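S.K.:
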Amino acid sequence: MRYRLHQWLAGVTGGAAMRAAGGCRLAILCAVFAMGCAIGADPLRQPEPRAPDVHFEPTPMRVVQQMLWLADVGSADVVYDLGCGDGRIVVTAARRFGARGVCVDIDPQRIAESRLNARKAGVADRVRFVNEDLFSTDIREATVVMLFLSPSLNLKLRPRLLRELRPGTRIVSHWHDMDDWKPEHTAYAGSGGRDRPIYLWTVPAR
Ligand SMILES: C[S@@+](CC[C@H](N)C(=O)[O-])C[C@H]1O[C@@H](n2cnc3c(N)ncnc32)[C@H](O)[C@@H]1O
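One rule links them: number in the working numbering = place in the sequence shown (from 1) + 2.
(1) Taking DSSP as the reference, what is the three-state secondary structure of residue 37?
(2) Excluding sequence positions up to five away, which residues of its chain have a Cβ less than 6 angstroms from the Cβ of residue 108?
(3) Are residue 176 and residue 137 touching if we call contact CB-CB under 8 angstroms?
(4) Would residue 125 and residue 73 qualify as a contact pair, given that the criterion is a beta-carbon distance under 8 angstroms?
(5) Count the other C-beta atoms from every protein chain shown that fall within 10 angstroms of the C-beta of residue 56, then say buried if there are 16 or more, exposed otherwise.
(6) Given that a residue counts as buried once 16 or more other Cβ atoms are within 10 Å of its Cβ, and exposed if not, what is residue 115?
(7) Quick check: is any heavy atom of ligand 1 less than 7 angstroms from the C-beta of residue 56?
(8) At a cut of 8 angstroms, does the region 63 to 83 reach the region 197 to 208 through at least three beta carbon pairs?
(9) Could you say which of 159, 152, 153, 193 lies nearest to residue 141 if we only look at CA atoms?
(10) So what does DSSP say about residue 71, is it helix, strand or coil?
(11) Between the C-alpha atoms of residue 42 and residue 110, what's the straight-line distance to the nearest angstrom?
(12) Mapping the DSSP letters down to three states, classify residue 241 as helix, strand or coil.
(13) What are the partner residues of residue 105, as DSSP defines its beta bridges?
(14) Would a C-beta distance cut-off of 8 angstroms place residue 84 and residue 65 closer than the cut-off?
(15) When you measure from the CB of residue 87 to every non-hydrogen atom of ligand 1, does any distance come out below 7 angstroms?
(16) Return the bridge partner residues of residue 76 from the DSSP annotation.
(17) For residue 169 and residue 119, I'd like the C-alpha separation in whole angstroms.
(18) Using 10 angstroms around the beta-carbon of residue 79, count the other beta-carbons present and answer buried if the total reaches 16, otherwise exposed.
(19) Nearest to residue 113 by alpha carbon, out of 89, 154, 161?
(20) What are the partner residues of residue 200, as DSSP defines its beta bridges?
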C-alpha cells in the first residue's frame with residue numbers, strides 16, 4: 003500500500019514536472035519571438051534579397067563557345083556559372099558538351115529566364131538553378147567555374163575559389179583577370195568588332 007502511494011505520488015509530481023518543463027519551453031519561445039518583434043526584426047522573415055553586384059550583360063555566343071573550349075569541358079564536368087544571367091553558358095555546356103551545369107544568380111528574373119532556356123534546349127534535367135548570392139553559395143562540387151563579373155568581384159572571390167575548389171578545377175573568366183594571379187592561358191574571341199580576352203586558371207594543389 004505504501005509502495006502504491008509512493009508510485010502515485012511520483013506519477014503526480016513527475017507529470018507536473020513534465021508539464022512545467024513543456025510550459026517553460028513555450029514561455030522561452032514566446033519570449034524570443036517577442037524580443038525579435040520588439041527590436042523590429044521578425045524572427046520568421048527571410049533576409050532581404052540584395053541587388054546584383056554587376057548588371058546583366060550576356061557573353062556573346064561565340065565567346066561562350068571559346069570559354070568552354072578553353073576549359074576543355076567534357077561530359078564528366080560540373081560547370082558552375084557564378085552570376086549566370088540567362089544561363090547561356092551552362093545550357094551550352096550541357097547541350098553541346100554533355101556536361102552538368104549549375105546556374106547561380108542573385109536575380110530571380112535571371113533564374114526564371116535560365117530555367118526557360120534550359121527547358122527550350124532540352125537540358126533542364128542536366129542544369130541546376132540556384133537563386134543565391136555567389137559569395138555564399140556552395141561551390142565545392144564544381145570542376146569548372148565560369149565568370150563574367152568585374153575586376154573587383156574577381157579579386158573578392160579569388161580567396162574563396164582557391165580555398166574551396168578542389169585542386170585541378172578550371173576557372174575561366176571573360177574579360178576580367180585576377181590581378182597578380184597570372185592566367186595559364188589567355189585567348190581572344192572576336193565579337194562585335196572587339197577582341198574579347200578570356201583567361202584560364204587551374205586551382206593548384208594545396
Ligand atoms: C555580366 S552578367 C554575366 C551573365 C553570364 N554569366 C554570361 O556570361 O552571359 C553578370 C550576372 O551576375 C549576376 N550577379 C551579380 N551579382 C551577383 C551576386 N552577388 N550573386 C549572384 N549573381 C550575381 C547578375 O544578376 C548578372 O546576371
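Glycine included, every Cβ here is placed at the ideal spot set by N, Cα and C.
A quick note: this is a predicted structure, and the numbers were derived from the prediction, not measured.
M.R.: To lay it out plainly:
(1) Interpretation of residue 37 is limited by its pLDDT of 48, a score under 50 that renders its predicted location unreliable; no figure is taken from the coordinates.
(2) 54, 135
(3) no
(4) no
(5) exposed
(6) buried
(7) yes
(8) yes
(9) 159
(10) helix
(11) Since pLDDT at residue 42 reaches only 44, below the 50 mark, its modelled position is unreliable, and the value read off the structure follows with that caveat. In a straight line, the C-alpha of residue 42 is about 26 angstroms away from that of residue 110.
(12) Because the chain in this structure spans residues 3 to 208, residue 241 falls outside the shown range and cannot be described.
(13) 83, 131
(14) no
(15) yes
(16) In DSSP, residue 76 forms no bridge with anything.
(17) 31 angstroms
(18) buried
(19) 89
(20) 176, 189
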